[in-house]
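Protein sequences appear in the order of chains G and Y. For the first sequence, full-length UniProt numbering begins at 1 and goes up steadily by one. For the second sequence, full-length UniProt numbering begins at 1 and goes up steadily by one. Note that the Cβ used here is the ideal one computed from N, Cα and C, for glycine as well. Nothing here was measured: the structure is a model prediction, and the numbers come from that model. Before any comments, here is the structure.
Protein chains: 2
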Amino acid sequence: MESPQSASLSVEELYEAWPVLSIDERLEGFRLLPPAVADDFFISLSARDQAELILHLPPAERRPWVRVLPPDDLADLVQAVEPEQAESILSQLDDASRREVNILLAYAEDDAGGLMNPRFARVRPDMTIDEAIGYLRKQAREKVETVYYAYALDAGQHLLGVLSLRQLFQAAPDKKVADVMQRDVITVGEQTDQEAVGRLFSEHAFMALPVVDEQGRMKGIVTVDDIVDVVQEEATEDIQKVGGMEALEAPYFEVGFFGMLKKRIGWLLVLFLGQMLTATAMSSFEDEIASAVVLSLFVPLIISSGGNSGSQTSTLIIRALALGEMRLKDWWRVARREALSGLVLGIVLGLVGLLRIVIWHGISGSYGEHFFLLGVAVALSVLGVVTFGTLAGSMLPLVLRRFGFDPASASAPFVATLVDVSGVVIYFTVASLILRGTLL
Amino acid sequence: MESPQSASLSVEELYEAWPVLSIDERLEGFRLLPPAVADDFFISLSARDQAELILHLPPAERRPWVRVLPPDDLADLVQAVEPEQAESILSQLDDASRREVNILLAYAEDDAGGLMNPRFARVRPDMTIDEAIGYLRKQAREKVETVYYAYALDAGQHLLGVLSLRQLFQAAPDKKVADVMQRDVITVGEQTDQEAVGRLFSEHAFMALPVVDEQGRMKGIVTVDDIVDVVQEEATEDIQKVGGMEALEAPYFEVGFFGMLKKRIGWLLVLFLGQMLTATAMSSFEDEIASAVVLSLFVPLIISSGGNSGSQTSTLIIRALALGEMRLKDWWRVARREALSGLVLGIVLGLVGLLRIVIWHGISGSYGEHFFLLGVAVALSVLGVVTFGTLAGSMLPLVLRRFGFDPASASAPFVATLVDVSGVVIYFTVASLILRGTLL
């Protein structure tokens with residue numbers, strides 16, 4: 001008997017709508033999928049979404065969904081839930097699988113070890129190609145889900161070589177694996193950071209990389225489909241930090257109102273306290289402002305031009321570091337280049353500022369008889385502030401990395417605040433020097 | 001005869017150092033690789049790096065490297081070089097491959113069609129499993145390099161179903177493909193934007209997705225290894241835009257000094273011109289500043305607290321939009337939530353500001369007899385500016401998307417500048433109301 005039309009749902013429609021559905025709608029949609037498709041759909045979800053679905057199912061219905069997942073996905077899922085829920089999920093597994101998951105849980109979530117799948121396709125170097133293909137078919141029937149590469153191991157589990165499925169298919173059936181396999185294998189260590197693993201995958205088109213321990217024994221594989229997620233997550237973290245907040249662990253609408261506030265208030269408070277220094281800096285120039293109120297009009301313009309150029313530069317450097325496009329030891333090359341950029345940008349913006357004051361004075365006459373000197377003071381301040389902002393914005397991410405912090409913490413608002421305070425000092429110092437005896 | 005130790009180079013070492021090598025060092029390293037490894041290494045490079053290597057090889061040495069690449073990689077490579085160089089690269093191909101590449105070049109680079117590989121593994125639905133495996137081996141020997149899925153097509157090339165290699169290996173050898181294949185296939189259209197394709201891959205663990213035209217005819221596959229790159233690139237573009245510059249097309253050190261300046265000066269100029277409005281706004285409050293210079297001290301603090309909260313919010317929304325976590329029609333939900341967040345953040349920061357003025361006055365007595373009213377004016381202005389900044393920062397990316405622009409253009413510096421101007425007006429208006437008759 002076929003199910004009525006109204007109850008059927010295409011898996012494509014469900015994929016499309018998924019990100020914006022509530023958990024109840026997700027569960028409803030998931031239950032409408034034909035059973036043959038539901039498995040694949042469930043496996044392809046993120047660990048957080050899998051956890052959410054499982055925990056909303058009645059306990060009696062959970063077992064088949066837990067068992068359909070490979071060990072690396074199970075480890076991710078267990079890490080996405082509360083400890084007591086993890087216990088109840090792990091209890092659905094058979095002993096062998098539970099042991100595999102527990103081994104993976106010993107790795108840090110952000111390491112290659114935490115990403116890897118311990119079930120990979122293996123062959124022995126002395127097998128013939130035909131024997132190897134037969135052996136792979138057997139492994140696929142059992143529990144190995146990723147078979148685009150076969151890894152040749154010795155009896156001690158040391159990785160000797162690798163064969164792509166394509167190479168296996170292309171080779172003459174009676175050749176030996178050892179004659180065809182590639183011996184110079186790119187591997188990653190168990191403790192390699194996931195950001196570095198992601199970089200390796202994004203720079204080079206691998207489908208999977210083997211994870212080995214210090215003795216060269218193979219522990220598992222990291223597959224590229226898990227890496228897309230890692231790359232997306234790391235980028236999201238960086239973007240959120242660049243915007244001046246702590247990274248969120250869940251999509252926008254899934255973070256509670258107060259959880260979100262907590263992620264945001266910290267940096268805003270730090271920046272607010274830092275920005276108070278501008279008031280302190282300005283108060284030491286109160287006499288100058290009192291005798292020439294016109295000076296105060298340009299404070300926001302000048303400090304923000306430094307802030308903007310600094311934010312721009314720090315963001316550029318943060319991303320270049322994250323992509324491995326530059327290293328710490330390149331700092332001098334970066335500093336030279338950015339100082340020069342800052343000078344050129346500062347000259348252009350400074351001249352525009354001078355022009356604006358001269359033209360505006362021509363129209364409205366509002367800047368008094370010393371308008372040209374005032375314009376020069378503003379232009380030179382912009383030059384100084386933009387150069388300083390650009391240089392500071394380029395060095396701060398490098399300094400943070402040097403001392404083991406995340407370069408992305410050199411957020412746009414953080415650099416802007418830092419440069420604002422210096423901007424006030426630069427402006428009033430330049431103005432004092434140039435306008436002493438005329439306006440001041 | 002073995003090559004001397006000094007001349008050998010492990011492929012792992014070369015991968016590690018690659019991003020920071022000059023082109024001459026890259027060429028030298030590449031030539032030191034054993035021939036068996038060099039092929040794979042070359043295929044795994046980015047299109048830009050492949051183009052650079054090929055163009056630095058003597059013309060006589062180019063042909064084998066051009067021919068080793070699949071059509072989709074060739075199309076990318078051709079798009080990465082100047083038109084006259086493209087001509088010379090395409091001339092190295094045989095006619096059939098050149099035709100394939102030219103078809104791919106007709107797609108926009110950012111579409112699924114521009115990412116896809118037209119060589120995929122196909123089977124007929126009426127084949128037995130054993131016949132299908134034999135047929136796949138034959139295709140792998142010819143030119144199909146990606147064989148983790150086999151696609152079942154009818155005579156008119158319409159996509160009927162899909163089988164993973166694992167399903168093929170698991171099934172009984174005498175079953176029919178049509179009995180085993182999955183019929184509800186997730187596909188992407190030829191014109192689907194690469195960002196949407198990337199999102200599909202990052203939310204769900206696919207190894208490849210089929211590309212079909214409007215009639216359901218299969219055109220090629222997009223594989224996940226190409227998607228890691230897309231996701232990384234799209235994130236880089238967004239981060240650079242959020243930082244207030246145009247997106248770069250190449251790594252930091254590969255962009256020339258003046259090319260880099262061109263990407264940066266545009267936004268800085270727009271922001272500088274916009275920021276000039278702060279001077280105009282402040283000049284209409286010149287009398288207030290003249291009679292109470294102390295007011296001017298808090299201008300940077302107040303406007304930047306709005307700028308910081310605005311940058312933070314716009315970055316959050318930009319990323320949520322890019323990840324498909326929210327849609328345009330959610331705008332009202334976002335506006336309500338962000339207005340409330342802004343209020344709470346503004347109250348906290350405002351109270352801290354009031355406290356700071358009261359305490360500082362207690363220590364130094366520098367804010368005169370009306371220090372408390374001054375503190376209240378500052379606190380209320382911070383509240384107003386932060387609420388406005390948060391709301392503006394949340395709505396601007398949505399407005400940009402609504403009118404077909406990239407939400408990421410609502411960069412941190414752009415939002416900060418927008419909010420700065422409004423901040424000046426809010427501050428002096430609030431101060432005039434509260435301090436009229438006392439300080440003013």
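Chain Y contacts from the stretch 273-302 of chain G (Cβ-Cβ distance under 7 Å): GLN275, MET276, THR278, ALA279, MET282, SER283, GLU286, ILE289, ALA290, VAL293, SER296, LEU297, PHE298, VAL299, PRO300 and LEU301
Neighbour flag for LEU45 of chain G against chain Y, beta carbons, 8 Å: yes
Straight-line gap, LEU248 of chain G to ALA17 of chain G (C-alpha atoms, nearest Å): 22 Å
Touch test, the stretch 282-290 of chain G against the stretch 414-422 of chain G, Cβ-Cβ under 8 Å, three pairs minimum: no
Segments assigned beta strand (DSSP E), at least 3 residues, entirely inside the stretch 212-256 of chain Y: 218-223
Three-pair Cβ contact test at 8 Å for the stretch 221-241 of chain Y versus the stretch 408-418 of chain Y: Yes: the two stretches touch, three or more of their Cβ pairs being nearer than 8 Å.
C-beta atoms of ALA416 of chain Y and SER311 of chain Y nearer than 8 Å: yes
Buried/exposed call for ILE23 of chain G, threshold 16 Cβ in 10 Å: exposed
Chain G contacts from the stretch 339-356 of chain Y (Cβ-Cβ distance under 9 Å): LEU340, SER341, VAL344, LEU345, VAL348, LEU349, VAL352, GLY353 and ARG356
Bridge partner(s) assigned by DSSP for VAL188 of chain G: Paired residue(s): G:VAL211.
CB contact flag (VAL425 of chain Y, ALA281 of chain Y, <8 Å): With respect to the 8 Å criterion, VAL425 of chain Y and ALA281 of chain Y are classified as neighbours on the basis of their beta carbons.
Distance CB(ALA38 of chain Y)-CB(VAL81 of chain Y) smaller than 8 Å: no
Own chain, CB closer than 7 Å to VAL185 of chain Y, minus 5 neighbours either side, in chain order: LEU159, GLY161, VAL162 and PRO210
Check whether ILE302 of chain Y and TYR149 of chain Y have beta carbons under 8 Å apart: Inclusion of ILE302 of chain Y and TYR149 of chain Y in the CB contact set at 8 Å is not warranted, their separation being larger than that value.
Counterpart residues of HIS56 of chain Y in DSSP-defined beta bridges: DSSP lists no partner for HIS56 of chain Y.
Member of Y:ALA106, Y:THR313, Y:ALA132 and Y:ARG99 whose CA lies at the smallest distance from the CA of GLU246 of chain G: Y:THR313
CB contact below 8 Å: ARG337 of chain Y versus chain G: yes
Cα-Cα separation, LYS143 of chain G to ASP94 of chain Y: 42 Å
Contact between the stretch 128-140 of chain G and the stretch 100-107 of chain G (3+ Cβ pairs under 8 Å): no
Span of the alpha helix (DSSP H) around ALA290 of chain Y: 286-291
Strand pairing of GLY161 of chain Y, partner residues [DSSP]: GLY161 of chain Y is bridged to Y:ALA152.
Straight-line gap, GLU61 of chain Y to ALA172 of chain G (C-alpha atoms, nearest Å): Our two residues, GLU61 of chain Y and ALA172 of chain G, have alpha carbons roughly 29 Å apart in a direct line.
Residue-chain proximity (VAL123 of chain Y, chain G), Cβ-Cβ < 8 Å: It does not; no Cβ of chain G falls within 8 Å.
Opening and closing residue of the alpha helix (DSSP H) in which SER432 of chain Y lies: 412-435
CB contact check: TRP331 of chain Y to chain G, cutoff 8 Å: no
Coil, strand or helix - ASP193 of chain G by DSSP: It is a strand residue.
Straight-line gap, GLN194 of chain Y to VAL231 of chain Y (C-alpha atoms, nearest Å): Cα to Cα, GLN194 of chain Y sits roughly 9 Å from VAL231 of chain Y.
Neighbourhood of TRP331 of chain Y by C-beta, 6 Å cutoff - its chain only, sequence neighbours within 5 removed: LEU398
Contact list for the stretch 393-414 of chain G against chain Y, Cβ threshold 7 Å: When CB distances to chain Y are screened at a threshold of 7 Å, the residues of the stretch 393-414 of chain G falling below it are ALA412 and PRO413, in chain order.
Neighbourhood of ILE317 of chain G by C-beta, 6 Å cutoff - its chain only, sequence neighbours within 5 removed: SER394 and PRO397
Host alpha helix (DSSP H) of TYR15 of chain Y (start-end): 11-17
Whole-angstrom distance between GLY389 of chain G and VAL358 of chain Y, CA atom to CA atom: 32 Å
Short Cβ contact (8 Å threshold) for VAL180 of chain G with LEU115 of chain G: no
GLY384 of chain G to LEU351 of chain G span [Cα, whole Å]: 13 Å
Distance CB(VAL123 of chain Y)-CB(VAL177 of chain Y) smaller than 8 Å: yes
Neighbour-count burial assignment, PHE258 of chain G, 16 or more Cβ in a 10 Å radius: exposed
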